[in-house]
Amino acid sequence: MKFFEKIEPVKYEGSKSTNPFAFKYYNPEEVILGKSMKDHLKFSMAYWHTLTGSGVDPFGSETMERSWDDSVSDDIEKAKLRVKVAFEFMEKLGIEYFCFHDRDIAPEQDTLEETNKVLDEIVDVIEVEMKRTGIKLLWGTANLFGNKRFVNGASTSPNADVFAFAAAQTKKAMEITKRLGGAGYVFWGGREGYETLLNTDMKLELDNFARFLQLAVNYAKEIGFKGQFYIEPKPKEPTKHQYDFDSATVISFLRQYNLDQYFKLNIETNHATLATHTMNHELRLAAINGMLGSVDANQGDLLLGWDTDQFPTDIYGSVLAMYEIIRAGGFTTGGLNFDAKVRRSSFTEEDLLIAHIAGMDTYAAGLRIAARLWEDKILENNLEKRYRSYETGIGKKIVSNEVGFKDLEEYVFTKKEMEPNEPGRQELLEAILNQYILG
Ligand code: XLS
Ligand code: NI
Ligand code: NI
């Protein structure tokens with residue numbers, strides 16, 4: 150059965166188009182900075198939001214109208230049908246990657262053995278669809294937060310049996326990710342954090358968290374899984390203190406436990422917002438540490454303190470994010486995964502398509518603008534000029550670690566007059582950025 154039969158494959162029609170089912174900025178094969186737009190952007194569909202998002206919120210029940218979900222009642226049959234719908238949907242949009250949690254694609258059964266059996270059945274269907282369409286798995290992951298057994302965390306749970314269960318579940322999720330040729334595997338610390346120190350052994354929880362990651366690294370070696378491991382930082386929600394707070398926290402955690410060589414970061418826009426950082430800050434920090442891996446492209450609402458996971462439509466943000474990605478040399482294993490859900494009142498199947506088109510166009514426009522900024526070296530030339538005092542003289546000695554406090558004191562005593570400071574010219578740069586955005 151075809152569900153999007155009435156809808157033509159989405160095409161690029163340019164910025165003057167009024168067709169809601171056309172791309173205005175995303176022209177997949179167009180070459181920018183020597184690479185096609187689709188290879189720069191590597192769009193990915195998030196299975197959980199797009200296929201299983203129902204529109205529930207703390208105040209109300211499901212709102213989404215999904216004809217395929219209504220057409221079958223058996224859970225396993227429904228899961229199989231959703232796979233078909235997912236691939237048809239990605240084909241219409243020309244999305245070449247997807248991401249999933251184990252529990253998004255297949256319903257959990259009474260025991261882990263039964264769950265794994267059902268999971269394998271669904272993976273069979275996914276495998277066929279991947280072969281048919283050429284669509285690839287950007288990353289897989291395990292849902293270690295939804296089931297009530299994870300009420301106190303997974304690898305950071307005070308209950309060792311829960312640690313064991315999380316390990317067993319992750320083992321299987323890694324196996325299916327490997328089987329589907331996944332380019333990566335994500336660890337988002339679901340409920341790995343705490344509410345109050347009154348009942349928490351923080352040291353043991355952090356040690357166990359690192360132990361768990363080390364076990365995953367060991368198992369990847371054992372089964373020959375070559376995909377990239379990522380940690381996805383998030384500062385809060387569901388727990389008050391999430392251990393993977395932001396890029397900086399995760400990088401130092403990985404270094405402390407000698408895990409840094411095995412992991413990169415999967416950075417999500419809305420999580421940056423929750424950490425009171427900009428997305429470009431999070432990306433730059435990862436990049437300068439060689440850990441910029443992949444992106445969960447969405448956006449939050451600055452007036453709300455939670456992870457609203459909206460589709461990205463903010464051009465300013467997409468320009469600055471794409472600038473960082475270009476600056477870091479582009480994606481290798483990673484891509485732009487739409488960890489985003491349609492608003493509760495955007496409940497039609499058409500809304501689902503339009504939301505993805507809007508997100509793809511936003512990042513495509515971001516890429517176009519960021520590429521021009523990069524080519525014209527607007528920011529890079531300014532940096533060069535601003536930091537030129539480190540190119541010669543005492544500055545050069547400082548950055549080549551040739552001087553100590555005594556030498557610097559002597560330098561100041563003999564020089565007497567310091568070089569004057571220069572203005573940062575923030576407003577000028579912001580105005581130039583606006584020119585690049587508006588054309
Ligand atoms: C939740 C996270 C989650 C991860 C995958 O806030 O963004 O969806 O991306 O587990
Ligand atoms: Ni995410
Ligand atoms: Ni999120």
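Numbering (my numbering), first residue to last: 150 to 588.
Note that beta-carbon positions come from the ideal geometry of N, C-alpha and C, so glycine has one too.
For a test of the three-state rule: what should DSSP assign to residue i, helix, strand or coil?
| i | result |
| --- | --- |
| residue 385 | coil |
| residue 487 | strand |
| residue 174 | coil |
| residue 343 | strand |
| residue 160 | strand |
| residue 544 | helix |
| residue 391 | strand |
| residue 448 | strand |
| residue 421 | helix |
| residue 238 | helix |
| residue 297 | helix |
| residue 467 | helix |
| residue 515 | helix |
| residue 291 | coil |
| residue 168 | coil |
Could you please give me the residues that DSSP links to residue i through a beta bridge?
| i | result |
| --- | --- |
| residue 333 | 377 |
| residue 458 | None, per the DSSP bridge assignment. |
| residue 247 | 194, 286 |
| residue 185 | 180 |
| residue 209 | 206 |
What are the boundary residues of the beta strand (DSSP E) that residue i is part of?
| i | result |
| --- | --- |
| residue 416 | 412-417 |
| residue 444 | 441-445 |
Classify residue i as buried or exposed, calling it buried when 16 or more other Cβ atoms lie within 10 Å of its own Cβ.
| i | result |
| --- | --- |
| residue 542 | exposed |
| residue 383 | buried |
| residue 460 | buried |
| residue 183 | exposed |
| residue 486 | buried |
| residue 323 | buried |
| residue 373 | exposed |
| residue 354 | buried |
| residue 235 | buried |
| residue 367 | exposed |
| residue 205 | exposed |
| residue 446 | buried |
| residue 524 | exposed |
| residue 215 | buried |
Over what stretch of residues does the alpha helix (DSSP H) that includes residue i continue unbroken?
| i | result |
| --- | --- |
| residue 556 | 554-564 |
| residue 216 | 216-220 |
| residue 532 | 527-535 |
| residue 571 | Residue 571 -> no alpha helix (DSSP H), and no H or E assigned at all. |
| residue 366 | 351-372 |
| residue 320 | 309-328 |
| residue 430 | 428-437 |
| residue 402 | 396-405 |
Comparing the C-beta of residue i with each C-beta of chain B, is any distance below 9 Å?
| i | result |
| --- | --- |
| residue 423 | Of the protein chains in the structure, only one exists, and it is not chain B. |
>> Quick check on the contact list: which residues have their beta carbon closer than 5 Å to a heavy atom of ligand 2?
In response: 417, 445, 488
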